[in-house]
Each structure stands twice: as C-alpha cells, then as structure tokens.
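First the structure, in the form of structure tokens, and then the observations on it.
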Amino acid sequence: MGKLDGKSALITGAARGQGRAHAVLLAQEGADIVLTDVPASVESVPYDLGTEEELQETAALVEKEGARALVVKGDVRRSQDMREAVAAACDQLGKLDILIANAGIVTYHQMADMDDAVWQDTIDVNLTGVANTVRAALPHMIDRRYGRIVVTSSAAARQGLGNLGHYCASKWGLLGMMKAVALEVGPYGGITCNAVLPGSVDTPMMHHQEVYRMFAPELENPTFDDMSERLLGYAAMPVPLVDPIDISHAVLYLVSDEARYVSGATIDVGAGMNARYT
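Structure representation (structure tokens):
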C-alpha cells in the first residue's frame, strides 16, 4: 500500500531531471500522474531542454509502476496552458490532489552585461511560470478544500551568487509567493503550500559547457570533472551533485499525509550547502 494511493498529481518540467524523478517516485507510492512539459527550446538558454520523446519516456516509466500517466504538453509561461493541464487532470483523473511546480531554467550572466531576453526568460519561466501553475490549480483545490502544492525553489533563494542575479531573483521570489499562498489557503484546512530548495543536482542542467566554464573560467575546454572539483567547496558534505531522487524524497514527504500540518515551509536538500545561510 502506497502513501499516495488514490491520489493524482500534476508535475511541470516532467520530461527529465527532477521532474521525472518526482513522477516515478510518486507513481511508486500509488499516485496517477499528469506530466507537463514544453518540448521546445528557449532562445536564451544554451542547453537543450526536455523533448517530446523524453516526456513520453517519463510516461512509460510511470506506467511501469502501475500508475496512470497523462501527457499534456504546455508552456508554464502561458497561463492558459496551465489551466488546460489542470482541466485535463480533473476531466481524465477525476481530481487534482497534488501540484509540483518544478519547471525551471538557469543561465549564467553578470548583471552588468545581461541582455533583456536573458532576464525576462528566467523570470517568465522560474517565477511567473510557477505562479501561472499554482493559480491554475488553486480554484479546484479550494473547492475541494484539499491540495498539496510544492514549488521547486533553490539554494540560490537564500544567498547571492555571482553570475546568477536573475536566477536568484526568480527563486527568492518563489519563497515569498509560496508563503503568501500558504496563508491564503490555510483557512480551508486541507491545503498546504511548501518549497524544496535543491543545491546542485545531477541533471542535464548541470552538464554543458556554459556551466563548466562558469566554474572553471581559466580553462579553455573545462570538463565535468573540472567543475566537480570546484563544487566540492560549496556543500558541507563531500559530494559535488546530489541525485534527483534525493529531492524527490523531500517532495514525497511534503505531499504525504505525514506533512498535513507543514505549510509555508522550506526543505533544503543540498548536502549541507544550506548550513552557510544566515
């Protein structure tokens, strides 16, 4: 018997990385999953984003666990897409119990030479996109007086990081939004809203030349191993990257009945990176 038997969940950014890990773990615990992603590139982002093929692969992994998988392509930057994803969950799965607003991007630029598109794309996906997703789900959850909302913030939501002013701004903003939503839905009794704050995670977002060069700028062609050595200095524990499943376990706790009175809270999963916060 799973912790989420009979529940349904919508996950954005589900094609791969953390979104895929969340989908598979929640399916293992009995939830049916709505998988949402936009199989397209964002012009200011230098690495490939999730593809339609990867989204279907995630669906196959969910179904392998005996759960239903509903694929709904959509862009979190368009509020109508998110409303349609929620409507699909309600129509085909009967309800929406869990929302994991996970879709996000990251690029590396100093504020002095950042162009408008880089700033706007980051805010549009990471902050406005999450807001669009949460706003789409809230009316249904309020009507039922039940829901579990988890937003993916970041260790960058607690500190300033060079070359990441736009990213820090987007992830700090999520914490304010999350806490406001927790206060607004509190009176309904059965709705919670929380955030997970991952550190550096082993996903495609961390495996490309731009991020390698950011950590090892003095090298002409840095590799993952070069970056890995530098990352060891960020966390308290001797690991350069945590596994996506480690984030998923925190998400599972927040959406389970074990966390029914946890709302407006943050959980850091960063191998002790958060120990340096004030």
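End of the sequence shown sits at 1220 in our numbering; the numbers just go up one at a time, nothing left out. C-beta: ideal position from N, C-alpha, C; glycine also.
Classification of residue i by the beta-carbon crowding that lies within 10 angstroms, buried from 16 upward
i	result
Ala1059	exposed
Thr1220	exposed
Met1024	buried
Lys1006	exposed
Met1053	exposed
Asp974	buried
Gly1046	buried
Asp1055	exposed
Ala1002	exposed
Leu968	buried
Residue i versus residue j: straight-line alpha-carbon distance, rounded
i	j	result
Ser1112	Asp1199	29 Å
Met1083	Asp1039	7 Å
Asn1216	Asp1210	7 Å
Ala1099	Trp1114	4 Å
Met1148	Val976	25 Å
Glu1171	Pro1164	11 Å
Leu991	Pro981	7 Å
Arg1020	Asp1066	9 Å
Gly1036	His964	21 Å
Leu1069	Val1138	14 Å
Thr1049	Ala1043	19 Å
Val966	Thr1075	20 Å
Arg1218	Gln1034	45 Å
Gly1132	Arg1202	7 Å
Tyr989	Ser1095	20 Å
Gly1008	Glu999	15 Å
Val1018	Glu1026	11 Å
Phe1166	Val1127	43 Å
Asn1136	Ala1097	15 Å
Asp979	His1150	21 Å
Thr993	Ala1073	23 Å
Contacts around residue i, its chain only, beta-carbon distance under 8 Å, and the 5 residues preceding and following it disregarded
i	result
Asp1168	Tyr1154, Phe1157, Ala1158, Leu1161
Pro1146	Arg958, Gly959, Tyr989, Asp990
Leu1125	Gly1206
Glu1152	Pro988, Tyr989, Thr1049, Tyr1050
Close beta carbons around residue i, own chain, < 7 Å, minus the five adjacent residues each side
i	result
Val1028	Leu952, Leu1038, Ala1078, Ala1079, His1082
Tyr1130	Ile1084, Arg1087
Glu971	Gly944, Lys945, Leu946, Leu1194
Gly1214	Ala1177, Ala1178, Met1179
Leu1174	Pro1180, Pro1182
Among the options, nearest to residue i - alpha-carbon criterion
i	options	result
Ala956	Val1013, Leu946, Tyr989	Val1013
Ala1207	Ala1217, Gly1214, Ala1213, Val1193	Val1193
Leu1041	Ala1097, Ala1031, Arg1172, Ser1021	Ala1031
Val1123	Gly992, Ala1011, Asp974, Gly1089	Gly1089
Leu997	Gln1101, Gly1008, Leu1183, Gly1016	Gly1016
Thr1134	Val1204, Val1093, Val1143	Val1204
Gly961	Arg1218, Val1092, Tyr1050, Gly1132	Val1092
Pro1140	Ser950, Gln1151, Gly1212, Gly1071	Gly1212
Val1184	Glu999, Arg1202, Arg1218, Val1143	Val1143
Ser950	Arg1218, Val1197, Arg1202	Val1197
Gly948	His1051, Arg1010, Asp1063, Pro1146	Arg1010
Gln1022	Glu999, Gly1071, Tyr989	Gly1071
Leu1103	Asn1136, Glu994, His1051	His1051
9 Å Cβ cutoff, residue i in contact with chain D
i	result
Asp990	The structure shown contains no chain D; it is built from a single protein chain.
Touching or not, the segment 1049 to 1066 and the segment 981 to 994, by the rule of three or more beta carbon pairs under 8 Å? Touching, yes.
At least three beta-carbon pairs within less than 8 Å, the segment 1184 to 1198 to the segment 1097 to 1110: no
Would you call the segment 956 to 969 and the segment 1117 to 1136 touching, i.e. three or more CB-CB distances under 8 Å? No: fewer than three Cβ pairs fall under 8 Å.
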